[in-house]
Structure formats: structure tokens, C-alpha cells
Amino acid sequence: MECNDRKCGTHGSVRARGRSFVGNVLQTKAQQTATVQWERRKYVSKYERYEKSLTTVKAHNPACINAHEGDSVRITECRPLSKTKRFVILEKIGGTI
Numbered sequence: 011m012e013c014n015d016r017k018c019g020t021h022g023s024v025r026a027r028g029r030s031f032v033g034n035v036l037q038t039k040a041q042q043t044a045t046v047q048w049e050r051r052k053y054v055s056k057y058e059r060y061e062k063s064l065t066t067v068k069a070h071n072p073a074c075i076n077a078h079e080g081d082s083v084r085i086t087e088c089r090p091l092s093k094t095k096r097f098v099i100l101e102k103i104g105g106t107i
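For the sequence shown, our numbering gives the first residue as 11, with consecutive numbering after it.
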């Protein structure tokens, strides 16, 4: 399958730079957009313990990858692609849960 998406992280002109994360796709309702969520641990100095927190971002979902809800994906930071999208999906790691 040939990818003609200019905003694709591997075939397009968007350079993947900055931080990268592995998360799960929550939604793919918007056109070429996926909502990705991952868990992180945050240290609370007052209680000298860690707490779990979730981070949710919108990422560009190219046609060549076409991730669906429940997929595990690797996303990377890039230039702003729209008002809310600052990440692009680079690869699918796991299938639908």
C-alpha cells in the first residue's frame, strides 16, 4: 500500500523529534486522528510516594498505519499539525485487546 499522506511520520515530510511514548488508542472517531492514553508515575514529595496518573493526547493516525481502538501504538512528538495535534503515530506495537 502506497502512503500519500504528507503528515505521515515515516513517509511524509513531518520529522519526528522530541519525546516518544507507548500508549493505547482510546478513540478514532475524528478523521485521521487517534486519542492515545498512557499511564505514568508521579512522585508526591509530601507523602514520599508515587501516584499513578494518566496522560491523554491527540495524535495523527496515517492511513498506512490505521490504528483502531484498543491498539497499542508508539507515538512521537512533532511540529504542531493542527490546533490540538502535536504527536504522530509511528507504528503499531500490538493488536486489538
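Glycine included, every Cβ here is placed at the ideal spot set by N, Cα and C.
{"query": "DSSP-derived helix/strand/coil call for Ser-30", "result": "strand"}
{"query": "6 Å Cβ shell around Glu-142 - same chain, five flanking residues per side excluded", "result": "Since the first and last residues shown for the chain are 11 and 107, residue 142 lies out of range."}
{"query": "Contact check, Ile-85 vs Gly-33, beta carbons under 8 Å", "result": "yes"}
{"query": "Beta-carbon gap between Lys-68 and Thr-38 smaller than 8 Å", "result": "no"}
{"query": "3 or more residues per run - each beta strand (DSSP E) lying fully within the segment 40-91", "result": "43-54, 59-70 and 82-87"}
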